[in-house]
Amino acid sequence: MARDRKTARKSKAKKEVNGSPEAGESAAKKSKVAEKKEENSTYTRWLMKSEPDSRIENGIDVKFGIEDLKKETNQTACWDGVRNYQARNFMRDKMKKGHKAFFYHSNCKVPGIAGIIEIVKEGYADHTQFDKKELHFDSSSKVDKPKWFMVDVKFVRMTKRFISLPELKTIHLKHKTEGGPLANVSLFTKARLSVMPLTEAEYDFILELENTDPVDKSCTPETTPSDT
DNA sequence: GCCAACGTTGGC
DNA sequence: GCCAACGTTGGC
1307 MARDRKTARK SKAKKEVNGS PEAGESAAKK SKVAEKKEEN STYTRWLMKS EPDSRIENGI
1367 DVKFGIEDLK KETNQTACWD GVRNYQARNF MRDKMKKGHK AFFYHSNCKV PGIAGIIEIV
1427 KEGYADHTQF DKKELHFDSS SKVDKPKWFM VDVKFVRMTK RFISLPELKT IHLKHKTEGG
1487 PLANVSLFTK ARLSVMPLTE AEYDFILELE NTDPVDKSCT PETTPSDT
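Start counting the first sequence at 1307; every next residue gets the next number (my numbering).
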C-alpha cells in the first residue's frame, strides 16, 4: 500500500526519555495558552511540508515531492517520519478524512505550494518508529504504546500554478500591517512546523491565488511565457 | 553551505 | 522547573 519514503525530514533515534506517558512533549511549553487553544480548535484545512529534492540523510534519500505522491499506488501515501509533538498531535487528533491540505515543497530552490491533497486515512501508528533501519527509528517508542502517528494522504490535483513562498510572504507582510486573511498564517508564525493547520479563510485565500498572476513574477521562474 | 529560530535534553 | 547547551528545520 502506501510507500514510505515520505519526508518531513527528521531526527534520528532519540534518547530514551520516559517516565510520563508523554514525556518530552511538555518540554516546550512556551505558550501554554496558545497550545490549549489549539487543542480545542477544530481545523479542516492543512499545510504539509515535504522535500521534493534528493537529500541523503544517514544514507537514505529523503526526497518526496508531489510528483512522487502521484506515482504511488492510488496516488496515496502515508505521511510518515514526522517527529515533532505539535505536528504529531495534529495528525493523531485533528486530521479527519476528507480534510484538504496543501502539499508544500520545502528545502528547495523555490519553496511553495505545489498542489492539493486530501486526508484519506486518519491518525495511526507510524511504523517507521519501530524499524531500526528507518531514518526515523525511535528506540523509546513501544509497539503497544506508539509515540508517533501518521495519516494517509491522496493526491487531488496540482494547483493551477506554483504558489511560491516569497509570494506568500509578501502577502503575509501586507496583511500584517493592513489586515487580511494571511496576517497570522502558521506558515510564518510557526515556520518550523512541518504539519500545520490553516483556517478556511487562509486556505480559501491562498487557493484563490492560483487564479491570479503572481504578485511578483520573479517568484515563479518556471512559468514565464517563453514562446513566440 | 550558512545560520537564525526554535525545539529538546538534561544538569542542577 | 529553570535554563544552557545542543540539535534540527528550512529559508536564503
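Cβ atoms here follow ideal geometry from the backbone N, Cα and C, with glycine treated the same way.
None of the values given here were measured: they were computed from a predicted structure.
For residue i, three-class secondary structure by DSSP
i, result
"P1503", "strand"
"K1369", "coil"
"T1495", "helix"
"T1379", "helix"
"E1344", "helix"
"K1355", "strand"
"M1401", "coil"
Option in the options with minimal Cα separation from residue i
i, options, result
"D1432", "E1424, F1443, I1425", "F1443"
"D1510", "A1407, R1361, T1495", "A1407"
"E1508", "K1427, E1357, L1488", "L1488"
"Y1391", "W1454, S1445, D1519", "W1454"
"K1376", "V1501, E1424, S1360, R1351", "E1424"
"G1429", "I1477, L1515, A1393", "A1393"
"W1352", "V1491, V1521, P1520", "V1491"
"L1347", "V1521, E1506, T1518, E1516", "Position check: residue 1347 holds Ser in this sequence, whereas Leu was assumed. Checked all of V1521, E1506, T1518, E1516; the closest Cα to S1347 is E1506."
"R1538", "S1356, D1359, E1373", "One cannot answer for residue 1538 here, as it falls past the ends of the chain, which runs 1307 to 1534."
"R1389", "V1426, K1355, G1404", "K1355"
"A1340", "L1441, T1495, E1357", "T1495"
"L1441", "M1502, I1366, P1503", "I1366"
"Y1349", "M1502, E1514, V1521", "M1502"
"E1357", "E1345, E1363, G1371, E1344", "G1371"
Cβ separation of residue i and residue j, assumed to be a contact under 8 Å, to the nearest whole Å
i, j, result
"T1382", "D1458", "6 Å"
"L1474", "L1493", "6 Å"
Segment contact, 8 Å Cβ cut-off, at least three pairs: the region 1410-1423 with the region 1456-1476: yes
Is it true that the region 1425-1437 meets the region 1446-1465, where meeting means three or more beta-carbon pairs spaced less than 8 Å apart? yes
Would you be able to state if there are at least three C-beta pairs under 8 Å between the region 1414-1421 and the region 1394-1401? no
Report the start-end ranges of each alpha helix (DSSP H) in the region 1407-1494 that is 4 residues or longer and not cut off at the edges. 1471-1484
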